[in-house]
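Written below as structure tokens is the structure these notes are about.
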Amino acid sequence: MERAGDEHEIYRDIMRKLFVINRLHHVSIESRAEKLCLHRSQHMMLVVISMADKPLTQRELSERLDISPSAVAMTLRRLLGGGYVCRTSDASDARCNNISLTDKGRNVLAETKELFDSVDRAVFGGFSEQQLEQLASLLDRMCLNLRGIAPADALEHDPHGEPPHGMPHGGKPPHGGAPHGGESRDFKPHCGVGSHHGGERNDE
Numbered sequence: 388m389e390r391a392g393d394e395h396e397i398y399r400d401i402m403r404k405l406f407v408i409n410r411l412h413h414v415s416i417e418s419r420a421e422k423l424c425l426h427r428s429q430h431m432m433l434v435v436i437s438m439a440d441k442p443l444t445q446r447e448l449s450e451r452l453d454i455s456p457s458a459v460a461m462t463l464r465r466l467l468g469g470g471y472v473c474r475t476s477d478a479s480d481a482r483c484n485n486i487s488l489t490d491k492g493r494n495v496l497a498e499t500k501e502l503f504d505s506v507d508r509a510v511f512g513g514f515s516e517q518q519l520e521q522l523a524s525l526l527d528r529m530c531l532n533l534r535g536i537a538p539a540d541a542l543e544h545d546p547h548g549e550p551p552h553g554m555p556h557g558g559k560p561p562h563g564g565a566p567h568g569g570e571s572r573d574f575k576p577h578c579g580v581g582s583h584h585g586g587e588r589n590d591e
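Quick note on this note's numbering: the sequence shown kicks off at 388 and runs consecutively.
Right under this line is the structure:
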């Protein structure tokens, strides 16, 4: 029984450390992202648009982000107002609008990629490749164990549960050009587009 108690204390200590890591990572990202003036939902939408092989309609954005059409419309309104995306009529269906990135949108994604990469380099500084692979393997095992006890649909509508770096559910990793965001990289804007308090609903 004593050993079980010790094990439980280790479990709690590990979980506390994971919580602290997550929180420190969050504030490190947020403190560097203030100048970008983007809300998390706006950044995620820009990433999804950047990964598409063609301009996306609002319906496609709603499906890929797994959020309501009204949430898409609100986020798009802010992105259009900020000059990050542009909207054009679909040549085959005048009722549909296609959404694509502007140069400003592509530039801000390049900035966020470098921002996130710099924090990642700091987090994992001094780790060998072997240590990183071992850590990733251990975390995979923890995720697998949790999936065994979590409700079956726990991740179905959670864009931060399955895909890496804050990608929407069902999306592809954004490496190789598009930026990546952390699972807790929900930075809040302090100027310009979006709102720090009471910004657009994400309906996630």
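Don't be surprised by glycine CBs; every beta carbon is placed ideally from N, CA and C.
Starting from residue i, trace the beta strand (DSSP E) both ways and give me its first and last residue.
| i | result |
| --- | --- |
| cysteine 473 | 472-476 |
Along the chain, where does the alpha helix (DSSP H) containing residue i start, and where does it finish?
| i | result |
| --- | --- |
| isoleucine 436 | 427-438 |
| arginine 455 | The sequence given here has serine at residue 455, not arginine. From DSSP, serine 455 is part of no alpha helix (DSSP H); its letter is neither H nor E. |
Hey, residue i and residue j: beta-carbon distance below 8 Å or not?
| i | j | result |
| --- | --- | --- |
| valine 472 | serine 487 | yes |
| leucine 452 | methionine 432 | yes |
| glutamine 445 | asparagine 484 | yes |
| isoleucine 408 | valine 506 | no |
| phenylalanine 511 | leucine 502 | no |
| lysine 491 | glycine 470 | yes |
| leucine 443 | isoleucine 454 | no |
Opposite residue i in the DSSP bridges: which residues?
| i | result |
| --- | --- |
| asparagine 485 | Thr475 |
| leucine 526 | DSSP lists no partner for leucine 526. |
| leucine 443 | Ile486 |
Is residue i close to the ligand HEM? I mean its beta-carbon at under 7 Å from any heavy atom of the ligand.
| i | result |
| --- | --- |
| leucine 502 | In the structure shown, the ligand HEM is absent, as is every other ligand, since no ligand is present at all. |
For residue i, which of the options has the nearest alpha-carbon?
| i | options | result |
| --- | --- | --- |
| leucine 496 | Glu394, Cys424, Leu411, His395 | Cys424 |
| alanine 420 | Asp504, Ala478, Val435, His395 | Asp504 |
| histidine 623 | Arg465, Arg474, Ile397, Arg399 | Outside the modelled stretch of the chain, which goes from 388 to 591, sits residue 623, for which no answer is possible. |
Open item on the list: So, does the stretch 401-410 touch the stretch 454-465, judging by three or more C-beta pairs under 8 Å?
Closed with: Cβ pair count under 8 Å is below three, so no.
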